[in-house]
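S.K.: Following this message is one structure expressed as structure tokens.
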Amino acid sequence: MKYKFLVSMAVIAFCAAGAFSQVDRWLPNDVNRPIPTVVTPGAEPGAAPSDAIILFNGKDMSAWQAGDGSDSKWKLVDGAMEVVPRTGNIHTKQAFGDCQLHVEWKEPSPAVGTDQNRGNSGIMLMSSFEIQVLDMDGNKTYADGGAGGIYGQYPPLVTASRKSGEWQTYDIMFRRPRFDSDRHLLTPARLTVLLNGVLVQDATTPTGPTAFHDRPPYLAGPDKYPLTLQEHNGAVQYRNIWIRELPDPVTTLHYSADVPMHIEAKDLAAYAGTYDLDGNSKMIVEVSGDGLMTRRQSAAGRGGQGRGGQPPAGASASTSVAMPTPLLVPINEDSFVAEWSGNSSRVTFTRDSKHQINGMVMQSGDSFNYAKRVDDASEPANASPAPQ
Ligand code: MG
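With the first letter of the sequence shown counted as 1, position 368 gets the number 377 in the working numbering; the numbers rise by one all the way through.
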């Protein structure tokens, strides 16, 4: 009975917090949740997985075309597709939006040219967002023009290039920009890039399409657009190019609703008080900064604070390890969550018919505990009976 009541309280609290939207309905460990599709990985590192679209397998360039729709003018050399200077960019015939892309590329050896004229090429998602290809072997250039950079915007986190003449890999995770029905930008593009297995772009959001000496804005367009490989005079070679189309981004689970709100300190005081946990110990709630702190106090008077504080929501009371007491920050007028990201601890205050706080449900993962308010700050004589 008590368990059912507590679960009900928690569900009510969640619903009140707007936690369950239509696409945010999965409970932790929900057996009804669809099982992910099976994809067979490539036989060796870099090989295409079973659901990939092969854009270049070393033998034919039929997935690509020139800007005018004619056949690509680049040439096949030893299982690679080599840029022919002054023949223009090439584009996939198929359009792509959200994707995972694997590309291998090699700079000419011996190297030719300096700075931006040394093996310059590029991989342009939706023909608009260029991941720079450049020979960095002993070559100096400006920061946002190096290999691994989002051209003209974001330098790579590190320079992780191989030497001229060595095959290099890009693994690119791309999310397209999204626009509302009025063509206003909702979310910018997002790029995560590994260069030779090293993270060089970490969920980076371009300012708009990449350009030379310019930062043009986002403009609403199609959801899918061809992938482009750039011709920039360098005789760069490409091989083993495959792409996986990605579904819409996974909807963030309910913590997306957990946007901290501000409650004035004088109003936070309404939550402060003493709550009886199990007849033998109490939870003391106090105002701290923009949130609340809790500590457990046993009947013998050995407060949790003296032991370094307690996690607030259902965590073990018997731990002797000193732990930082997390600040509970409000996400609505009844629910508070631990301030650090990823912590599932939550306290939801309950109210009586006069809207006075008369208890709190403490949740940690799937564990719930209820504590009835017992101090005299909320009319304890008239408080609703505690669940039995
Ligand atoms: Mg380039």
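Ideal Cβ positions, reconstructed from N, Cα and C, are used throughout, including at glycine.
In this text, all values refer to a predicted model and were calculated from it rather than measured experimentally.
DSSP has residue 180 in a bridge; who is on the other side?
M.R.: In the DSSP output, where bridge partners are listed per residue, residue 180 has 111 and 203.
S.K.: Considering only the alpha carbon of each residue, which of 234, 159 and 168 lies closest to residue 145?
M.R.: Considering only alpha carbons, the answer is 168.
S.K.: Might you give, ordered along the chain, the residues of its own chain that have their beta carbon closer than 7 Å to the beta carbon of residue 81, omitting 5 neighbours on each side?
M.R.: Within the same chain, residue 81 has close Cβ partners 70, 73, 74, 75 and 99.
S.K.: Between which two residues does the alpha helix (DSSP H) carrying residue 275 extend?
M.R.: Run containing residue 275: 274 to 277, per the alpha helix (DSSP H) assignment.
S.K.: Mind checking which residues open and close the beta strand (DSSP E) that includes residue 306?
M.R.: 300 to 307 is the extent of the beta strand (DSSP E) around residue 306.
S.K.: Taking 6 Å as the cut-off, is the beta-carbon of residue 141 closer than that to any non-hydrogen atom of ligand 1?
M.R.: It does: the Cβ of residue 141 is within 6 Å (strictly closer) of some heavy atom of ligand 1.
S.K.: With DSSP run on the structure shown, which of helix, strand or coil describes residue 451?
M.R.: Only positions 10 to 397 of the chain appear in the structure, and residue 451 is not among them; the question remains open.
S.K.: Which residues in the same chain as residue 278 place their Cβ atom closer than 7 Å to its Cβ, once the five residues preceding and following it in sequence are excluded?
M.R.: Around residue 278: 296.
S.K.: Apart from the five residues just before and just after residue 25, which ones in its own chain have a Cβ nearer than 6 Å to its Cβ?
M.R.: Summary for residue 25: the model assigns pLDDT 32, below 50, so the residue's position carries little reliability; its value from the coordinates is reported in the next sentence. Closer than 6 Å at the Cβ level, and outside the excluded window around residue 25, lies no residue.
S.K.: One question on the structure: do residue 357 and residue 373 come within less than 7 Å of each other, judged by their Cβ atoms?
M.R.: Contact: no.
S.K.: Can you give me the C-alpha to C-alpha distance between residue 166 and residue 152, rounded to a whole angstrom?
M.R.: Residue 166 and residue 152: Cα-Cα distance of roughly 10 Å.
S.K.: Residue 239: beta carbon under 6 Å from a heavy atom of ligand 1?
M.R.: Because some heavy atom of ligand 1 lies under 6 Å away, the Cβ of residue 239 counts as near it: yes.
S.K.: Please report the distance separating the alpha-carbon of residue 32 from that of residue 200.
M.R.: Low per-residue confidence applies at residue 32: pLDDT is 42, beneath 50, and the placement is therefore not dependable, though the value from the model is reported in the following sentence. Taking the straight line from one Cα to the other gives about 24 Å.
S.K.: Should residue 49 and residue 59 be called a contact, given that it needs their Cβ atoms to be closer than 7 Å?
M.R.: Contact: yes.
S.K.: Is the separation between the beta-carbon of residue 177 and that of residue 205 shorter than 7 Å?
M.R.: Contact flag set, yes.
S.K.: According to DSSP, is residue 367 helix, strand or coil?
M.R.: Of the three classes helix, strand and coil, the one that applies to residue 367 here is strand, per DSSP.
S.K.: Taking residue 231 and residue 217 to be in contact with their CB atoms under 8 Å, please state how far apart those CB atoms are, rounded to whole angstroms.
M.R.: With a Cβ gap of about 16 Å, residue 231 and residue 217 do not count as contacting.
S.K.: Report the CB separation of residue 355 from residue 243 in whole angstroms; it is logged as a contact under 8 Å.
M.R.: Between residue 243 and residue 355 the Cβ distance is about 55 Å, and since that is not below 8 Å, they are no contact.
S.K.: Is there contact between the stretch 234 to 253 and the stretch 128 to 145, where contact requires at least three CB pairs shorter than 8 Å?
M.R.: Segments in contact, yes.
S.K.: Do residue 107 and residue 187 come within 7 Å of each other at the CB atom, strictly closer than that value?
M.R.: Cβ distance not < 7 Å, so residue 187 and residue 107 don't count as in contact.
S.K.: When the Cα atoms are used, what is the spatial distance from residue 37 to residue 359?
M.R.: C-alpha separation (whole angstroms): 23 Å.
S.K.: Could I get the ranges of all uninterrupted beta strand (DSSP E) runs contained in the stretch 48 to 105, with 3 residues as the minimum, in chain order?
M.R.: Within the stretch 48 to 105, the complete beta strand (DSSP E) runs of at least 3 residues are 62 to 65, 73 to 75, 84 to 86, 89 to 91 and 99 to 105.
S.K.: Between residue 304 and residue 290, is the Cβ-Cβ spacing less than 7 Å?
M.R.: No. Outside cutoff.
S.K.: Who are the Cβ neighbours of residue 84 in its own chain at under 8 Å, not counting the five residues just before and after it?
M.R.: Around residue 84: 90, 91 and 93.
S.K.: When you compare only the Cα positions, how much space is there between residue 384 and residue 268?
M.R.: Looking at the two C-alpha atoms, the distance is approximately 30 Å.
S.K.: Taking the beta carbon of residue 270 as the centre, do at least 16 other beta carbons fall within 10 Å, making it buried, or is it exposed?
M.R.: Counting Cβ neighbours within 10 Å, residue 270 comes out exposed, since fewer than 16 surround it.
S.K.: Could you please give me the residues that DSSP links to residue 187 through a beta bridge?
M.R.: According to DSSP, which records beta bridges pairwise, residue 187 is partnered with 196.
S.K.: Is it right to say residue 249 is buried, meaning 16 or more other beta carbons lie within 10 angstroms of its own, or is it exposed?
M.R.: Residue 249 should be labelled buried.
S.K.: Going straight from the alpha carbon of residue 158 to that of residue 347, what length do you get?
M.R.: Residue 158 and residue 347: Cα-Cα distance of roughly 37 Å.
S.K.: Any heavy atom of ligand 1 within a distance shorter than 6 Å of the CB on residue 155?
M.R.: No, the beta carbon of residue 155 sits no closer than 6 Å to any heavy atom of ligand 1.
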